[in-house]
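J.:
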Amino acid sequence: MSEIRVLLVDDQQLVREGLRVLLDMVTDLRVVGEASDGHEAVELAQRLEPDVVLMDVRMPGLDGVAATRSMRSACPEVKVIILTTFDDDEYVFEGLRAGAAGYLLKDVPSEQLTEAIRAAARGEAFIHPAVTRKVVAEFARLTEREHTRREQPLPEPLSGRELEVLALLAEGLSNREISERLFISTGTAKNHVSSILGKLDVRDRTQAILRAQELGLL
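Numbering (the working numbering), first residue to last: 141 to 358.
Structure below.
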């Protein structure tokens, strides 16, 4: 690829200007557009067809995670790199689950940023070293959870998604809050909860949590 077309998405104009100045100095990169929120980003991605999108997380309206998910659905060939000041676990994992090809913090050196853009354009993943440790730890946790799921002493084991919902039930989240956390509809969250209650053979959420703790599912 001789030239990589880049779309900048950040609600702060100063950040966008700084990124544009930086990338304009690199011969094989070209900034083709800028967006200040997620909705505008998805629209521009469809119209401009960039190769790589640098996506902020916290933005008004449609945030970076939701915008990444929408963009990957509407323009599956576009590669998205989350570029943010936040390395919170929630942002990291939701961003990657949404289809981001990379996750970088804004303190990354310019050389690493440009290499991440090139890697994404080649179809490769590029993750900030501080974030990589979180991803490895999460992979280990999910592997252990999958093992637990296989060993569940239940006539019908809980699915991976149901285990996620169960963990959120243990945090005291409502169906609406679960739907927002997992990016599913409220109806789907309600169905998962009902299925969990049925599989655990309990009447309510409190009993479900207690039963899950007895079984070692939490």
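Even glycine gets a Cβ: it sits at the ideal position worked out from N, Cα and C. Just so it is clear, the structure is predicted and the values come from calculations on it, not from any experiment.
Buried or exposed: E143, going by 16 or more other Cβ atoms within 10 Å of its Cβ?
T.: If you number the sequence shown from 1, residue 143 lands on position 3. E143 is classed as exposed because its beta carbon has fewer than 16 other beta carbons within 10 Å across all chains shown.
J.: Is there contact between the segment 180-189 and the segment 161-168, where contact requires at least three CB pairs shorter than 8 Å?
T.: These segments do not touch.
J.: On the DSSP letters alone, give me the boundaries of the alpha helix (DSSP H) that G204 sits inside.
T.: The residue you call residue 204 lines up with position 64 of the sequence shown. Element bounds for G204: G204 to A214.
J.: Can you give the Cα-Cα distance for E264 and G235, rounded to whole angstroms?
T.: The residue you call residue 264 lines up with position 124 of the sequence shown. The residue you call residue 235 lines up with position 95 of the sequence shown. Rounded to the nearest angstrom, the two C-alpha atoms are 16 Å apart.
J.: Is the CB-CB distance between A348 and L294 below 8 Å?
T.: Numbered from 1 along the sequence shown, position 208 holds the residue referred to as residue 348. Numbered from 1 along the sequence shown, position 154 holds the residue referred to as residue 294. No, the pair does not count as a contact, with Cβ atoms beyond the cut-off.
J.: Residues in its own chain within less than 6 Å of R351 by CB, not counting five upstream and five downstream?
T.: In the sequence shown, the residue the question calls residue 351 occupies position 211. Once the five neighbours on either side are set aside, the close Cβ partners of R351 are L340 and V342.
J.: Can the beta-carbon of D150 be found less than 8 Å from the beta-carbon of D196?
T.: Counting from 1 along the sequence shown, the entry for residue 150 is found at position 10. Counting from 1 along the sequence shown, the entry for residue 196 is found at position 56. Going by C-beta atoms, D150 is nearer than 8 Å to D196.
J.: According to DSSP, what are the bridge partners of F266?
T.: Numbered from its first residue, the sequence shown carries residue 266 at position 126. Answer by DSSP bridge pairing, in chain order: G242.
J.: Quick one, are the C-beta atoms of R198 and F233 less than 8 Å apart?
T.: In the sequence shown, the residue the question calls residue 198 occupies position 58. In the sequence shown, the residue the question calls residue 233 occupies position 93. For R198 and F233, no; Cβs fall outside 8 Å.
J.: DSSP on R258, reduced to helix/strand/coil?
T.: The residue you call residue 258 lines up with position 118 of the sequence shown. If DSSP states are grouped into helix, strand and coil, R258 belongs with the helices.
J.: Excluding five sequence neighbours on each side, which residues of the same chain lie with their C-beta closer than 6 Å to the C-beta of V333?
T.: If you number the sequence shown from 1, residue 333 lands on position 193. Nothing meets the Cβ criterion.
J.: First and last residue of the beta strand (DSSP E) that includes E311?
T.: Taking the first residue of the sequence shown as position 1, residue 311 is located at position 171. Run containing E311: none; DSSP gives neither H nor E here.
J.: Could you pull the start and end residues of the beta strand (DSSP E) that I349 belongs to?
T.: Within the sequence shown, the letter at position 209 stands for residue 349. Not the beta strand (DSSP E): I349 falls in the alpha helix (DSSP H), residues R345 to L355.
J.: Does the beta-carbon of E174 have 16 or more other beta-carbons within 10 angstroms, so that it is buried, or is it exposed?
T.: Residue mapping note: residue 174 aligns to position 34 of the sequence shown, counting from 1. Classification of E174: buried, given that the 10 Å Cβ count is 16 or more.
J.: Of all the options T224, I257 and V305, which has the alpha carbon lying nearest to the alpha carbon of V155?
T.: The residue labelled residue 155 in the question sits at position 15 within the sequence shown. Nearest option by C-alpha distance: T224.
J.: Can you say whether V210 is buried or exposed, counting buried as having 16 or more other CB atoms within 10 angstroms of its CB?
T.: Stepping through the sequence shown from its first residue, residue 210 is reached at position 70. Contrary to the premise, residue 210 reads as Ser rather than Val in this sequence. Flag for S210 reads buried.
J.: What's the gap between the Cα of S325 and the Cα of Q252?
T.: To locate residue 325, count along the sequence shown from 1; it is residue 185. To locate residue 252, count along the sequence shown from 1; it is residue 112. The straight-line gap from Cα to Cα measures roughly 38 Å.
J.: Nearest to L184 by CA position, among G327, G239, C215 and S299, is which residue?
T.: Indexing the sequence shown from 1 puts residue 184 at position 44. Per the Cα distances, C215.
J.: Does any heavy atom of the ligand SAH sit closer than 7 Å to the C-beta of L303?
T.: The ligand SAH is absent from the structure shown, which contains no ligands of any kind.
J.: Secondary structure at V161, three-state DSSP: helix, strand or coil?
T.: Taking the first residue of the sequence shown as position 1, residue 161 is located at position 21. In this structure, V161 counts as helix in the three-state DSSP scheme.
J.: If you follow the alpha helix (DSSP H) that G338 is in, where does it begin and where does it stop?
T.: As a first step, residue 338 is located in the sequence shown; it is residue number 198 there, counting from the start. Taken as a continuous stretch (DSSP letters only), the alpha helix (DSSP H) holding G338 covers T326 to L340.
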